[in-house]
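Protein chains: 2
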Amino acid sequence: MMSSESVLPLPENPIIVGFGGVGVDFLAVVPSFPKPDSKIRTTEFTVQGGGNNGNTMTCAARLGLKPRIISKVSNDGPGKTMLEELEAEGVDTSFFVVSKEGTSPFSYIIVDNQSKTRTCIFTPGYPEMVPQDLSRANLLSALDGARVVYFDARMPDNALVIAQEAFHQNISILIDAERPREGLNDLLSLADYVVCSEKFPQAWTEASSIPRALVSIILRLPRLKFAIVTLGKDGCIMLEKCVDDEGSHIEEMDVDSCFVSLTTRKEDSTAMPTCIPSPVTKLRAEGIEESVCGRLYYGTSEKIPPSELVDTTGAGDAFVGAVLYCSCQL
Amino acid sequence: MMSSESVLPLPENPIIVGFGGVGVDFLAVVPSFPKPDSKIRTTEFTVQGGGNNGNTMTCAARLGLKPRIISKVSNDGPGKTMLEELEAEGVDTSFFVVSKEGTSPFSYIIVDNQSKTRTCIFTPGYPEMVPQDLSRANLLSALDGARVVYFDARMPDNALVIAQEAFHQNISILIDAERPREGLNDLLSLADYVVCSEKFPQAWTEASSIPRALVSIILRLPRLKFAIVTLGKDGCIMLEKCVDDEGSHIEEMDVDSCFVSLTTRKEDSTAMPTCIPSPVTKLRAEGIEESVCGRLYYGTSEKIPPSELVDTTGAGDAFVGAVLYCSCQL
């Protein structure tokens, strides 16, 4: 998303807080994808921590941040595995709610190496997290000294309580918006940064292109400093809002044309990720009256030869982890 | 398999020992069977004890026997669930080997109520049971006072050690022969009783019909007192060996014709299971020189209306549990 020169070592290890889903992945390698009513045997089986929040905070810890997770698991095998793995990665799990009864959230993932498919069957944790699970004292301790709070938009009742407190304390809020969910709009209205899946911007705004949807998102969420859309192997697009201190002297540009002009500057010869920024512009989108003063970025992804590509699971979460790292520099 | 009049209450609670596979079933109810690479969510999730040995011993306990299980699990959630469930059913689990590390055997079962399919993905336990896991003192305690030892033919190295000791102590041996497996022949050579799946007799003997295969089995395993083949909703066939104390006065009969004549005596009007025995006969099978002096039984199954039929999982194991009950009367 950003050129490597811009990712400078941080002066200290900033504290961030992640709230949302964690889970355990049961990776069941099978000789071939099962037919209904068949009985098959796994050839390999491993248990691994997962979940958006778990993955993102693990990435953030590996980059040198000090992440704390607020979430809920049960005191069962998968729950214990999760906490141990996160602690080993340097993630502070002391704000976890651990239920004596129930089951921890987990995904059974059927890994078929023949057809290269990964089929995920998710079972939510039980009992669900409720606002009473997190005392105000614990919430305040969790947020103490934090620079950014991350939300994957799960468990919206709890998320809103935490986001409101973070807002009150002037702690930045970053939302990972995968798809429209219950309670997401309330969270977004408090957000400083948002990272969206490829489909989210148009699903949420009904705009006819991703660049137009980004303009609409920035206009609808006046607190937002930037919105990023991830495009898988095609990289990402980011719209950063700028302060319009030059008044009407800034050039106006159609956001779709602006994006196309960025893509033409892509260098196909380089395998490394690059970041192509537009100048600060008044970005207009067809069908939207207001313009946004900002800078559009086109980020290309690293070209990875198929032979080196092991698995893209959690790649989006790792991307958000890196965005969190960068947001601690802002 | 036998008419209900023949199943008399036993004078005491006979001890039986079961050796073989136990496991936990993860029943994951899904809205529809997953497509490869899709992400779905379970609508219901329950954990239940299972495995041939676990199911069979549970049935035996419910019928009033005192079963002890020898098997291995890990000290994880599924392992603990299994031991608790078995204990609650009255199965003695004190001879279980509980590994501190590793994973207990489990099946992830995708239950699709729409298409009425149950797809089982089995993951074997780790570390595997090895003969050193069971001390001679524990083996002797487990067999102390036992009437019958059951084997599902799993973990053959351990099974053979236990079967040899049972044989030495004149304890009857019953084998559940689902399919040809490594080490099964050594166990069968020590067996007093065998219950086979529908496909096993012909797979093992290469005979051209099930009745002929039963004659072949009785001839190949001279210790065997009876062999039963289960046929699902079509009931079962049993060949019981009899002592030929009348010499050549016993009538000879072709085993296939004998079986056909039994099936013609089936009464379609009754919903209850019935048992149709032949007289003691010298049973001949085409292509086999020797005859078997014995009695052939045709057992019909109960006719259960589809609306009352919940689930046939473990029905075969429950059948073996009932055979164990009856064998304690012999």
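If you read the protein sequences in the order shown, they are chains A and B.
Mapped onto the UniProt record's numbering, the consecutive letters of the first sequence carry residue numbers 1 to 330.
Mapped onto the UniProt record's numbering, the consecutive letters of the second sequence carry residue numbers 1 to 330.
Cβ coordinates follow ideal geometry from the N, Cα and C atoms, glycine included.
Neighbour list for B/Ser208 in chain A, Cβ cutoff strictly below 8 Å: Within 8 Å Cβ-Cβ: nothing; B/Ser208 doesn't reach chain A, min ~27 Å.
Answer yes or no: does any C-beta atom of chain A fall closer than 8 Å to that of B/Cys196? no
For B/Ile40 and A/Ile121, which I take to be in contact (beta-carbon distance under 8 Å), what is that distance rounded to the nearest angstrom? 6 Å
Can you check whether the C-beta of A/Ser301 is within less than 8 Å of a C-beta belonging to chain D? No chain D is part of this structure, whose protein chains are labelled A and B.
How would you call B/Val260, buried or exposed, if buried means at least 16 neighbouring beta carbons within 10 angstroms? exposed
Tell me the rounded alpha-carbon separation between B/Phe95 and B/Ile70. 5 Å
Looking at the unbroken alpha helix (DSSP H) that takes in A/Asp317, where does it start and where does it end? Ala315 to Ser327
Other residues of its chain near B/Asp25: CB distance less than 6 Å, five sequence neighbours each side excluded: Gln48, Gly50, Ser107 and Ile109
CB contact flag (B/Leu83, B/Gly54, <8 Å): no
Just curious, the alpha helix (DSSP H) that residue 343 of chain B is in, first and last residue? Residue numbering for chain B in the displayed model covers 1 to 330; residue 343 of chain B lies beyond these limits and cannot be assessed.
Report yes if the CB atom of B/Asp144 is closer than 8 Å to the CB atom of B/Lys72, and no otherwise. no
Run down chain B in chain order and give the residues with a C-beta less than 8 Å from the C-beta of A/Gly77. Asp76, Gly77 and Pro78
Quick one: does the C-beta of A/Glu252 sit closer than 7 Å to a heavy atom of the ligand GDP? Looking at this structure, you won't find the ligand GDP or any other ligand, since it has none at all.
One question on the structure: do A/Pro156 and A/Gly125 come within less than 8 Å of each other, judged by their Cβ atoms? no
Selection of the stretch 153-182 of chain A by Cβ proximity to chain B, strictly under 8 Å: none
Report yes or no: is there a C-beta of chain A within less than 8 Å of the C-beta of B/Arg147? no
Check whether the stretch 277-287 of chain B and the stretch 307-315 of chain B touch, using three or more Cβ-Cβ pairs below 8 Å as the test. no
Whole-angstrom distance between A/Thr263 and A/Gly321, CA atom to CA atom: 25 Å
Using Cβ-Cβ distances below 8 Å, what residues of the stretch 12-39 of chain A are close to chain B? Phe26, Ala28, Val30, Phe33, Pro34, Lys35, Pro36, Asp37, Ser38 and Lys39
Buried or exposed for B/Ser172, going by 16 or more other Cβ atoms inside 10 Å? buried
With respect to the alpha helix (DSSP H) encompassing A/Asp157, which residues constitute its N-terminal and C-terminal limits? Pro156 to His168
Cross-chain neighbours of A/Phe122 in chain B, by beta carbon under 8 Å: Lys39, Ile40, Arg41 and Thr42
Cutting at 8 Å between CB atoms, please list the residues of its own chain near B/Cys242, excluding the five before and the five after it. Val280, Cys293, Gly294 and Arg295
In the DSSP output, what is A/Gly50 paired with across the bridge? A/Gly23
Let me know the alpha helix (DSSP H) ranges lying completely inside the stretch 79-154 of chain B, each 4 residues or longer, listed in chain order. 136-143
Just to check my reading of the structure: A/Pro36 and B/Ser115 have Cβ atoms closer than 8 Å, yes? What is that Cβ distance to the nearest angstrom? 6 Å
Bridge-paired residues (DSSP) for B/Ile15: B/Lys66 and B/Ala146
Same chain, Cβ closer than 8 Å to B/Ala153, five either side skipped, listed in chain order: Gly20, Ala159, Ile175, Asp176, Ala177, Glu178, Arg181, Gly183, Leu184 and Leu187
Going along chain A, which residues have a C-beta under 8 Å from B/Asp112? Pro36
Relative to the C-alpha of A/Arg147, which candidate in A/Ala163, A/Ser135 and A/Arg136 has its C-alpha closest? A/Ala163
Other residues of its chain near B/Met253: CB distance less than 8 Å, five sequence neighbours each side excluded: Ser278, Thr281, Lys282, Leu283 and Arg284
Is B/Ser32 helix, strand or coil by DSSP? coil
What residue range does the beta strand (DSSP E) around A/Ile173 cover? Ser172 to Ala177
Got a sec, what are the start and stop residues for the beta strand (DSSP E) B/Cys293 sits in? Val292 to Gly299
Taking only the alpha-carbon atoms, compute the straight-line gap between A/Ser6 and A/Cys196 and give it to the nearest angstrom. Because A/Ser6 carries a pLDDT of 49, less than 50, the predicted location of this residue cannot be relied on, and the following value inherits that uncertainty. The straight-line gap from Cα to Cα measures roughly 22 Å.
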